[in-house]
Amino acid sequence: MAQWHNWSGRLQHKPQQLTHVYSENQAAALALASSKAGQSLRAVGGGHSHQDLVGNNDVIVDTLGLSGVISHDQAANTAWVWGGSRIFSLGNALHQVGLALPNQGDIDQQSISGATATGTHGTGAKLQNLSSRVVGARLALADGSLIDCSAVENSELWQASRLHLGAFGIITRLQLALNPSFCLVEKTWQTPLSTLLQELDSYIADNRHCEFFWYPRTDTAQVKVINATTEPAQYPLKGEGQRHGWSYEVLPNHRPHKHTEMEYSVPAESGISCMTEIQKLLADKFTDVKWPVEYRTLAQDDVWLSTAYQRPTVTISVHQGIDEPDEAYYRACEEIFLAHGGKPHWGKVNYLNGQQMADLHPRWSDWWRVRDSIDPTGTFLNPYMHSIRP
Ligand SMILES: Cc1cc2nc3c(=O)[nH]c(=O)nc-3n(C[C@H](O)[C@H](O)[C@H](O)COP(=O)(O)OP(=O)(O)OC[C@H]3O[C@@H](n4cnc5c(N)ncnc54)[C@H](O)[C@@H]3O)c2cc1C
27 MAQWHNWSGR LQHKPQQLTH VYSENQAAAL ALASSKAGQS LRAVGGGHSH QDLVGNNDVI
87 VDTLGLSGVI SHDQAANTAW VWGGSRIFSL GNALHQVGLA LPNQGDIDQQ SISGATATGT
147 HGTGAKLQNL SSRVVGARLA LADGSLIDCS AVENSELWQA SRLHLGAFGI ITRLQLALNP
207 SFCLVEKTWQ TPLSTLLQEL DSYIADNRHC EFFWYPRTDT AQVKVINATT EPAQYPLKGE
267 GQRHGWSYEV LPNHRPHKHT EMEYSVPAES GISCMTEIQK LLADKFTDVK WPVEYRTLAQ
327 DDVWLSTAYQ RPTVTISVHQ GIDEPDEAYY RACEEIFLAH GGKPHWGKVN YLNGQQMADL
387 HPRWSDWWRV RDSIDPTGTF LNPYMHSIRP
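First residue of the sequence shown: 27, per the working numbering; consecutive thereafter.
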C-alpha cells in the first residue's frame with residue numbers, strides 16, 4: 027500500500043493511490059477518473075504543510091513533474107510557470123529572463139501552487155504574500171476539463187483560488203506578477219528583546235525586510251534586516267545573515283531541524299503587545315520550550331482567505347521539536363493570538379473549527395460558493411476540508 031508523509035513526518039497517510047502527473051491532459055484525466063470513482067483527490071507539492079491539507083485515503087497526486095517557466099513578458103513583469111515548480115527551481119530560471127518574485131518565505135522548498143494554496147509569505151511591511159502574486163491560473167477540474175481564470179476571465183474563480191487550499195482542482199499553471207531581478211544585502215545582529223521591541227517600529231519602517239527570532243529562556247533576539255542594493259552580487263555568497271546576492275539567493279534559508287509550527291497573523295498595531303504576552307506565557311508556564319518565536323510583517327491584500335485580507339499584518343510563529351509535546355503550548359498561544367484578532371496560517375497547526383474560520387474570514391461563504399460550483403461532488407475535499415466546511 028502507498029505511504030505518504032509530510033515534511034516533518036507528523037502527518038502520515040496510506041492512500042489507495044499515490045501517483046504523479048507530468049502533463050495537463052494527464053491531470054485532467056486523473057481528476058475525471060477520481061470524480062467518476064467517487065474518490066477524494068488531493069495534490070501535493072513540497073509536502074511542507076503542518077496542517078493536514080493533503081491527507082486522504084483515496085488519491086494523492088504529486089505535481090512536481092509539472093515544473094519550470096513556461097513563458098514570460100518582461101515588459102509586463104509577468105511569467106507563466108508550471109504549477110508543481112519548486113520555488114528554488116524558479117529563482118535562477120526567472121532571473122535568466124530578468125524577473126524575480128518580489129518576496130519569498132524562510133525556505134524555498136515549497137512548490138509554487140502549494141505555497142499559494144496557503145498564503146505563504148516572507149517578511150516586509152510593504153510586501154504581500156505569494157497568493158497575491160497570482161494573476162492567472164489554469165486548473166484541471168473534476169469534470170475532466172481545463173479552465174483558465176484571471177481578473178478578466180472567470181474572475182470569481184480567480185479571486186477565490188488565489189489562496190486555494192488545494193480544493194478547486196489540480197493547479198497546472200500559474201501566471202505570476204513579478205519584479206525585475208534585484209539584488210539584496212542582509213545583516214543580522216543580536217540584541218536584548220526588551221530593547222528591540224522599543225526600536226522595532228523604526229526597523230520595520232526603514233528596511234525592505236525585517237524579522238526577528240526570540241529565543242525563550244533568554245532575553246536575546248536575533249534580528250535580520252534585508253535591503254535592495256544596486257551593487258552586484260558578491261560571490262562566493264557568505265553565510266546566512268551576511269549574504270549579498272540576487273533576491274532568490276538571499277531570501278531562503280536552510281531549515282533542516284524537524285519541527286511543528288503554529289503561526290497567527292494579528293493586526294500590525296497589535297504585534298508588539300501580542301509578542302509580549304507570548305513571551306510572558308513562555309516565562310510563566312512553558313519554561314521547557316527552547317524553540318524560537320519568529321516575528322515578521324506582511325502587507326495587506328485583497329485575497330479572499332488571506333490572513334492579511336484588508337489589513338496590515340504582523341505574523342508570529344511558535345515552534346516545537348517534532349518529538350516534544352506541543353498541544354498544550356500551542357493551545358495556550360492560540361488563546362492569546364485569538365484575543366489579539368489573530369487568523370491562523372493555513373499551512374500550520376491550529377485548532378479552529380469551521381464556524382471560527384467563518385467568523386475570521388469575511389469572504390468565507392463566497393469562497394465555498396465558488397469552490398462548490400466547480401466541484402459540486404467534493405472530489406477535491408479531504409477530511410480536514412470537510413471538518414471546516416460550512
Ligand atoms: C521548514 C518550513 C518553513 C516554512 N517557512 C514558511 C514561511 O517562511 N512562510 C510561510 O508563510 N510559510 C512557511 N512554511 C509553510 C509552507 O510554506 C506552507 O505550508 C506551504 O503551503 C507548503 O507548500 P508545499 O508546496 O509544501 O505544499 P503542500 O504542503 O504539499 O500542499 C499545501 C496545499 O497545496 C495543495 N497543492 C499543492 N500543489 C497543488 C497543485 N498543483 N494543485 C492544487 N493544489 C495543490 C495541497 O493539496 C495542499 O492543500 C514553512 C514550512 C516549513 C516546513
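We treat Cβ as the ideally placed atom computed from N, Cα and C, and that holds for glycine.
In the DSSP assignment, S176 is bridged to G162. In the DSSP secondary-structure assignment, F406 is not bridged to any residue. A straight-line Cα-Cα distance of about 16 angstroms links Y290 and A151.
When A126, P293 and A57 are compared, the shortest CA-CA separation from L386 is found for P293.
Counting along the chain, N279 sits inside no beta strand (DSSP E), nor does DSSP assign it H or E at all. Given a length threshold of 4 residues, each whole run of the alpha helix (DSSP H) inside the stretch 161-239 is given here in chain order: 181-187 and 219-232. For the stretch 294-333, the continuous beta strand (DSSP E) assignments of 3+ residues that do not extend past its boundaries occur at 319-324, in sequence order.
Around I138, the same chain offers V107, G109, S111, I113, L116 and L200 as residues with beta carbons nearer than 7 angstroms, after the five sequence neighbours per side are excluded. Boundaries of the alpha helix (DSSP H) around L116: I113 to H121. T341 sits buried, since 16 or more C-beta atoms from the chains shown fall within 10 Å of its C-beta. In terms of CA proximity to V211, W272 leads the group Y229, S220 and W272.
M27 is classed as exposed because its beta carbon has fewer than 16 other beta carbons within 10 Å across all chains shown. Counting only the Cα atoms, A126 lies some 16 angstroms from A141.
Relative to ligand 1, the beta carbon of S137 is positioned inside 7 angstroms of a heavy atom. Boundaries for V375: no alpha helix (DSSP H) harbours it, and the DSSP string shows neither H nor E there. For W33, the Cβ falls inside the 7 angstroms cut-off from some heavy atom of ligand 1. Under DSSP, E289 shares a beta bridge with S343. Taking the CA atoms as reference points, T214 sits about 20 angstroms from T256.
The beta carbon of K374 sits closer than 7 angstroms to at least one heavy atom of ligand 1.
CA-CA distance, D134 to Y48, rounds to 21 angstroms. Rounded to the nearest whole angstrom, the CA to CA distance from A63 to H190 is 23 angstroms. Setting aside the 5 residues that flank it on each side, N103 is surrounded in the same chain by L204, each with a C-beta closer than 6 angstroms to its C-beta; the list follows chain order.
Taking V249 as the centre and dropping the five residues before and after it, the same chain places the C-beta of T214, W215, Q216, T217, L222, Y229, C236, E237 and F238 closer than 8 angstroms to its C-beta, in chain order.
The closest CA to that of E182, considering only T403, R389 and P402, is found on R389. Annotation: R415 is outside any alpha helix (DSSP H) and is labelled neither H nor E by DSSP. Assignment of R357 by DSSP, reduced to helix, strand and coil, places it in the helix class. Around the beta-carbon of N155, 16 or more other beta-carbon atoms lie within 10 Å, marking it buried.
Per DSSP, D401 lies in no beta strand (DSSP E) and is assigned neither H nor E. With fewer than 16 other Cβ atoms inside 10 Å of its own Cβ, Q260 counts as exposed. Within 10 angstroms of the beta-carbon of E225 lie fewer than 16 other beta-carbons, which makes it exposed.
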